[in-house]
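Undergrad:
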Amino acid sequence: MKLKGKIAVITGGSRGLGRNTALHLADAGSDIIFTYYRNEAAADSTVADITEKGQKAFALQLDTRKIEDFHTFKDKLRNCLKENFGRDSFDFLVNNAGFGREGMITDVTEEDFDDLLNVHFKGVFFLTQKLLDSISDGGRIINVSSGLARFSIPGYAAYACMKGAVEVFTRYLAKELGPRKITVNTLAPGAVNTDFNKENFEAMPKVVEFIASQTALGRVGESDDIGGAITSLCLDEMAWVNGQRIEASGGMFT
């Protein structure tokens, strides 16, 4: 229980990689506060699973594209910290919330672009900015990116551009937060078998076979591969890793 006494805040923690990260962090001893978009039942289920592990868990509703709501969210978060932990700060911020949207460059609409921008980059930038004074000195920030910021697959240009921006943001955050001993890293998953990709994987099983054939470890990623990797970045042993892009893809397109 190396993270006993720590508190993690995870955006998009009710499903997929966010949920898996929450469970891995709880296994390591961290208490969890996570956001969810609108699926309250999934959020309640995640809270129950974390509680069964012996850790505290709380779910707060947040639409990360609505920057105007961040001030209210911060108040709710601080109240949660004070009432349930007797603290006014937390230790780990995992910027995970997101969604997928495919489209060739010729087909991407301004609405599509803005939705991706607001959730995957603008929301990450300004939510982090809003919460910086609530992160404990010596804490950790992990921004979730994508292998698509390194390799290129037609149909993902807009999405990948946002993740590329997050990776640059990570480096600048690491530099500016150095005096507070807060480390900031990017974790970039490759193709992962979660609800994020479920529809595509089920519709095109040959795609799964192709990805596995192009991955050094011979398979598509699973949620545990990513939740465990993110959790490792919160351990004391990883305190000297800072400002880095770490790809967890099993060697996809290596």
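The opening residue of the sequence shown carries number 47 in this note's numbering; numbering runs sequentially from there. Heads up, the beta-carbon is just placed ideally off N, CA and C, and yes, glycines get one too.
(1) Alpha carbon to alpha carbon, how far is leucine 108 from leucine 162?
(2) May I ask which residues mark the beginning and end of the beta strand (DSSP E) holding asparagine 231?
(3) Considering Cα atoms alone, identify which of Ser192, Ala206 and Trp286 is closest to glycine 149.
(4) If you reduce the DSSP assignment to three classes, tell me which class leucine 281 lands in.
(5) Determine the closest residue to methionine 208 out of Asp158, Ser269 and Leu223, with distance taken between C-alpha atoms.
(6) Considering only heavy atoms of the ligand PLP, does any lie closer than 7 Å to the CB of glycine 264?
(7) Would leucine 127 pass as a contact of leucine 177 if the rule is Cβ separation under 8 Å?
(8) Relative to the C-alpha of alanine 74, which candidate in Val253, Ala103, Thr57 and Leu281 has its C-alpha closest?
(9) Taking the straight line between their C-alpha atoms, what separation do you get for isoleucine 228 and leucine 123?
(10) In the DSSP output, which residue or residues are listed as bridge partners for glutamine 101?
TA: The relevant details are as follows:
(1) 16 Å
(2) 229 to 235
(3) Ala206
(4) coil
(5) Asp158
(6) For the structure depicted, the ligand PLP is absent and the ligand set is empty, with no information on it obtainable.
(7) no
(8) Leu281
(9) 20 Å
(10) Partner(s): none; glutamine 101 has no beta bridge.
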